[in-house]
Structure formats: structure tokens, C-alpha cells
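Report on the following structure.
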Amino acid sequence: MPHETPLIATIVVGLVLAFIFGAIANRLRIPPLVGYLVAGVLAGSHTPGFVADQELAAELAEIGVILLMFGVGLHFSLKDLLSVRAIAIPGAIVQIVAATLLGAALAWVLGWNMQAGLVFGLALSVASTVVLLRAMQERRLIETERGRIAVGWLIVEDLAMVLALVLLPAIAGAINGGGSSEGAIRAANDPLASYFNLGVGGVIALTFGKVAAFVAVMLIVGRRVIPWTLHAIAHTGSRELFRLAVLAIALGAAFGASKLFGVSLALGAFFAGMIMSESELSHRAAEESLPLRDAFAVLFFVSVGMLFDPMTIVNDPLPLLATLAIIIIGKSLAAFFIVLAFGYPTGTALIISASLAQIGEFSFILAELGVGLGMLPEEGRDLILGGAILSILLNPLVFAAVTYLRPRLEKRLPSTVEPAADTNIPAVEEPDVEEIHPTTLTDHAVLIGYGRVGSLVGDALKEIGKPFLVIEDADKTVAKLRDEHIETIVGNAANGDILAAANLAGARQLILAIPNAFEAGQIVVKARAANPVISILARAHSDAEVQHLQDLGADAVIMGEREIARGIVAHILDLDEPKPEGPLTE
């Protein structure tokens, strides 16, 4: 008997359309997320044809945000987070204030009142978690100093928006004559606030108290319970249960943080991942959550596209352009000068400013809340949605512009900015922003990646005296390589300039020790074009990946599982060999 299946329809149509338009975008050499957004526009209520359930899509997208922040937490430690607090906290606050003032100024020009300007400005001040993290991951910057600053900045913005969501109804209540105490209680939506009849100050104190309690619980209880649970499940030998444990911890911590402590789902998931990162099983946990994370992150972009009314471009072109200018130019300039003021290099300031040049999920929540409270006109919500869609679409171009501008700005703005007085701020030039110096090596090996596999290969090359250099982009690994006086080119090997600096034309071997077969395939194609006779060795995890890399031009592809099997067989045969009973004689 036929029945309504809105959840299934939303997931299926969203993923199918995202796949089709993502593939088209990739074919046109533009980022796939542009295709995902177009898919959302087609599935939304503002275009003819199928209309997906917007509320369900938004909830599915929230799962993507949770898993994405959980994955980021797995690559972080509390030490990493605290190391950037000196810039992330004041930087994010100043940038939020600057963006809010710019948004309020535009609201005044449009004839809106002060409270509309406040909501509008706040909505333009906070970056999208998903977009920022995807941009950092695509450029392999998450584990670098720039990545840590960006994520720390994002967390401060997250906490600020939690506070804003609490206070806006209180402000609306006070303005509309309901009294600040009544508005504050409604804002908190909390039994404690109602029971004690808290005012605005009390609600603020309660909010900070809940955040502090959440952090304390995660650091004191979570640090013991989460790793212990993970190890206990791992000892059962069930991969299915281990995968379920990872997802249960990620989603459970996020949901519990939201319901019990009033913090955002994303923040709860991040702390769960950060606590789990202290476990030896964190790498396996990241692998298990990756497929679901990517699928739900795609649904996030689809849900954003569903909100957009293309007619906004026609109806309000000038206000929309002004909104977009605040997001892309105003916010970016504020972040750029803030980072420079703290003594960081120009390249770092450009990366941080580009990553923040967009808005997303918190902006939508603030816009909906503002309209619901009567603080923001519906025109403001449409401008926020339009600005979000266009800023997300243009974000890859912003990063391209940053790459183009960096060498020019570094010439005009040499490292003349004095480091801030705070000694917690590292006054060192980051590897990624250094000028790329081509190697002078010839007849050498180029080793890409210096992780668990690459470091073993590097040790062997050193032992036999083979000249080689390493291409690596992780800050900690680069520091280790330099301590060992190994020639290193810092950056992503998929970048043509990085490969050119490694002198592939004069090299004998290219060794790809990175686990990502798709990225390795891009490098193989470029390397083969640069040197048709170079010997290319790569690694893979399946027969399909082996075939893929060989088809692209790799001479030899080592599959880890196969080599493990050969080692086991050799050991068995060695055990079966009869042992001589006495000394051997000729």
C-alpha cells in the first residue's frame, strides 16, 4: 500500500541531484560544492518540480555538521586549542564586532531600526562551520598552525552565537515592553531561569556556567569514559560495534551537550572528537566516520540551496551586492588586519581571512529567530540567505584570489609587523607562507608524504645514501624533517608549482607514500607529464586502487594488505623449515 516517505525522498533526491550536478561541476573544473548548491535550489520550493522537505533536510544537514566537527576534533588536542587562544579569542570578538557594525550600517541605509541592524549584523559576522572546514581539508590545512587558528576562531564564534541566541529574545522582550526579565526567561527556555526568575544578567551567567560545566564534564569524565569505552569495544573484535560506538559517542555527545548544557551540537561533537583523539584508536575512529561525514556534509549544501530564492537577485540586486561585500570584503579585511596585528605573517592572515569570507548555518538560525521575534524584516532574511549562497559559491574564488595576491602583498607588506606582547603567540614564519625554493638535486628520489609509511621509506633511503627530498604539508612533520636536516618542500604535492620545485624532470624516482589514491592519481598524471621516464611507485588499499594508479601511469603500486599476506606466508614457511640438529659442516 503506498504511503508518504518524505525522509527517504529527501535523502534520495538530495544525494542523486547532488551527485549529478557535482559531477557536472567537477567536469567543468569548478568545485563540486557549487553543484551541490544548484541541486538544492532545484529541490527547493522556489523552483518548479519536486520539493524536498526543508525541515528534514535541515536536520540531516545538522548531522553532517556534527560529524564534520567530530572529525576535526579527532585531529586536535586540548594543547593545540589552547596554543591559539591568544589570537582566536580577541580576533574572533573584534571581527564579530566589526562585521556587526557594518551590517548595522547597511540596515540603517535600508531604513531598518536598530534591533534589525543588530540581528542582521550578527548574522553576517559568523562563518559556516562546514564551508570553513571543507576548505581547510581540501587544502590539507587542518593540522597546520593556520588550521588550528581557523578552528579556534570558529569555536569562539560558535560560543558567541550561542550567547546571542540566548539574549536576542530577552532584548526583543525588553523592547516590546515585555520586560527584560520576562524576555530573558523566554530566551533561556530553561527551568532554572523560570524558577529563579532570572534577568538578562542572570541568563548570561547561567549560559557561561553551563558552558563551563560542559567543558568540565568532558575533560574530567569524558577523558576517562570515552577512551575506555572505545578500547573495550575494540577488544570485542567486532568492527560493526566499533563503528557504532564511534557514531554513538559523536552524536550522543553532541545531542547531550545541546539538551543538558545548552551549547551547540557542533561544539559538543568537537569536544567529543578532541577527547577521543587522545586514544590510540583515534585514527581508526576517523576512518570509520569518514563515509557518513562526507554524505551528510553534501546534504548540508543541498539544504542551503533549498533556502535560496533566485528572484532575490532580480528583486534586490543592490542590497544583495552590499550584503555580499560585507561578507567577502568587510569581514575578510577585518580578519586580515587583526591577524597581522598579532604578528603573524601575511600569508597566514590571507588564509584566515579567506576561510571566514562566507556565512552559513548559524546565520540562518539567527535570521529565522529575528523574523520570528519581529526584530528583522523578511527582506533581511532573504538578503542573509542570498548572501550566504553567493558567498559559499564564491569562496573557492576567494581562495584563488588569496593565492594570487599573496606574493604581491608580501612584497608590499614585508614582515614589519611587530609581534604582539603576549608571549603565547609564536613569532615564527610558517612553512606554508615561505617562498618556494626549487631544489638543486638531480638523479634523486622525490618522497611525497612522511607519515608512518613515508618515514620508514625515508629511513631506508638515508641508510643507502640515496639523495632525496620530501614534499609534506603538516607543520609538526615539517619541523621534524628540518630537525633531521632533510630537504623539504612544504605544500600539497597536487599543486603544480610544488612538483616543479622538486625538479621531477631531473629525478629518478617518485615515491607516493600518501594513502589517498585519488590525490595520488592527480600527482601521477602531472609527474608523468613532467618526466615520461621517471619511475613512479605508489601505495594502495585495494585492487581497484592499484588498477586506477597503474592506468594513470604508476610503474609499481604496493597494496598493503597483499604485502602483509606475503609476510605471513613467508613466516609460516620459515616455521615449517626443519631446523638443523647440529653444526653445519662443509
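Residues 1 to 586 (the UniProt record's numbering) are what the sequence shown spells out, left to right. For each residue, glycine too, the CB sits at the ideal point set by N, CA and C.
Query: DSSP state of residue 144 mapped onto helix, strand, coil; Result: coil
Query: At least three beta-carbon pairs within less than 8 angstroms, the segment 290 to 310 to the segment 8 to 16; Result: yes
Query: Distance CB(residue 67)-CB(residue 289) smaller than 7 angstroms; Result: yes
Query: Sufficient close CB pairs (3 or more, under 8 angstroms) joining the segment 236 to 253 to the segment 47 to 59; Result: no
Query: Neighbourhood of residue 586 by C-beta, 7 angstroms cutoff - its chain only, sequence neighbours within 5 removed; Result: Any reading at residue 586 is ruled out, since the residue's pLDDT is 43, under 50, leaving its predicted position unreliable.
Query: Per-residue DSSP class, three states only, for residue 151; Result: helix
Query: Residue burial classification, residue 479 (beta-carbon count within 10 angstroms, cutoff 16); Result: exposed
Query: Residue 348 versus residue 339: straight-line alpha-carbon distance, rounded; Result: 8 angstroms
Query: Selection from 327, 265, 218 that minimises the alpha carbon distance to residue 275; Result: 218
Query: Residue span of the beta strand (DSSP E) that contains residue 540, given as start and end; Result: 535 to 540
Query: Alpha-carbon to alpha-carbon, residue 307 and residue 41; Result: 7 angstroms
Query: Buried/exposed call for residue 208, threshold 16 Cβ in 10 Å; Result: exposed
Query: C-alpha gap between residue 130 and residue 161, whole angstroms; Result: 16 angstroms
Query: Candidates 404, 354, 381, of which the one nearest residue 316 by Cα; Result: 381
Query: The segment 350 to 366 touching the segment 116 to 133, judged by at least three CB pairs closer than 8 angstroms; Result: yes
Query: Where residue 276 falls: helix, strand or coil (DSSP); Result: helix
Query: Identity of the residue in 529, 34, 23, 28 nearest residue 389 by Cα; Result: 34
Query: Residue 140 burial status per 10 Å Cβ neighbour count (16 or more: buried); Result: buried
Query: Nearest candidate by alpha-carbon position, reference residue 516, set 483, 559, 482, 509; Result: 559
Query: Beta-carbon proximity list for residue 426, same chain, < 6 angstroms, skipping 5 on both sides; Result: Low local confidence applies: a pLDDT of 40 at residue 426 is under 50, so the model's placement there is unreliable, and no value is given.
Query: Residue range of the unbroken beta strand (DSSP E) whose run includes residue 488; Result: 488 to 490
Query: Under the three-state DSSP convention, the category residue 358 falls into; Result: coil
Query: Nonlocal neighbours in the same chain, by C-beta distance under 6 angstroms from residue 399, ignoring five residues either side; Result: 354
Query: Residue of 72, 472, 37 minimising C-alpha distance to residue 154; Result: 72
Query: Residue 294 versus residue 367: straight-line alpha-carbon distance, rounded; Result: 27 angstroms
Query: When 240, 566, 356, 372 are compared against residue 402, the one with the closest alpha-carbon; Result: 356
Query: Alpha carbon of residue 215 to alpha carbon of residue 231, nearest angstrom; Result: 23 angstroms
Query: Residue 520 vs residue 449 beta-carbon contact at 7 angstroms; Result: no
Query: Residue interval of the alpha helix (DSSP H) (run including residue 50); Result: No alpha helix (DSSP H) contains residue 50, which DSSP labels as neither H nor E.
Query: Close Cβ partners of residue 107 (< 6 angstroms) along its chain, the five nearest in sequence each way excluded; Result: 116, 117, 120
Query: 7 angstroms Cβ cutoff met for residue 89 and residue 156; Result: yes
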